[in-house]
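Below is one structure, written out as structure tokens; comments come after it.
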Amino acid sequence: MEIKRRADQTVVISPMPSFARSDAVAATHKLPPADEGLHLPAKADVLLTVTDGAEKGKTFTLSAPRVVIGRTGADLVLNDPEISRHHCLLEVRDRFVNLKDLDSTNGTFFEEERVRAAVLQDGAEFRLGTTTIRLNFLAR
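At position 13 of the sequence shown (counting the first as 1) the number is 1467 in my numbering, and the numbers step up by one without a gap.
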């Protein structure tokens, strides 16, 4: 027996997946396990500068080698409605930073490509929502 559906017909998914429920809790988000090789550089600060978006000009100096960027409940909070609560993860390995998308709704972009992960070096820019961020290592 074959069931034919019209393209405009509504299909109900039950039970509804957690990401679609209005009562979904950000705390249930599971981060990938931390790597022992994560550390901030000894003689430089890792600086994030918002170069475009609602918070253009704002800067953040990382105080930990592992940082979640998001809209609410994240280590680094950005005021951008296009950003997920827990949007992406930065992991610092001395002079390189691993960027990992945390299954965000609107994606994380590096060099105009949507990415699940990327390796960032000094001067690299990435975008989440309408916010573009530049990464710099500043010698102390």
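Backbone N, C-alpha and C define an ideal beta-carbon position, used for all residues, glycine too.
Practice item. Spatial neighbours of A1518 within its chain, please: CB distance less than 8 angstroms, with the 5 preceding and 5 following residues excluded, ordered by chain position. Key: L1494, D1529
Review point. What are the complete beta strand (DSSP E) segments, minimum 3 residues, inside the segment 1498-1577?
Key: 1498-1506, 1513-1515, 1520-1524, 1542-1547, 1550-1555, 1562-1564, 1567-1569, 1571-1574
**Study point:** Delimiting residues of the beta strand (DSSP E) encompassing E1490
**Key:** According to the DSSP assignment, E1490 belongs to no beta strand (DSSP E), since it is labelled neither H nor E.
**Study point:** Closest by C-alpha distance to F1591, when choosing among T1584, T1585, E1579, G1583
**Key:** E1579
Practice item. Could you tell me the boundaries of the beta strand (DSSP E) in which T1586 lies? Key: Run containing T1586: 1585-1593, per the beta strand (DSSP E) assignment.
Check your understanding: Three-state secondary structure (DSSP) at L1485?
Key -> coil
Practice item. Between the Cα of G1561 and those of K1510, F1550, T1584, L1574, spot the shortest distance and give me the residue it belongs to. Key: Measuring from the Cα of G1561, the nearest candidate turns out to be T1584.
Check your understanding: Can you tell which of F1563, K1497, G1491 has the C-alpha that lies nearest to the C-alpha of A1593?
Key -> K1497
Point to revise | Euclidean distance between Cα positions of E1566 and D1506 | key: 14 angstroms
Review point. Nearest-angstrom Cα distance between C1542 and Q1575?
Key: Cα atoms of C1542 and Q1575: separation of roughly 17 angstroms, rounded to the nearest angstrom.
Point to revise | Best match in E1545, R1539, E1509 for proximity to D1489 [C-alpha to C-alpha] | key: E1545
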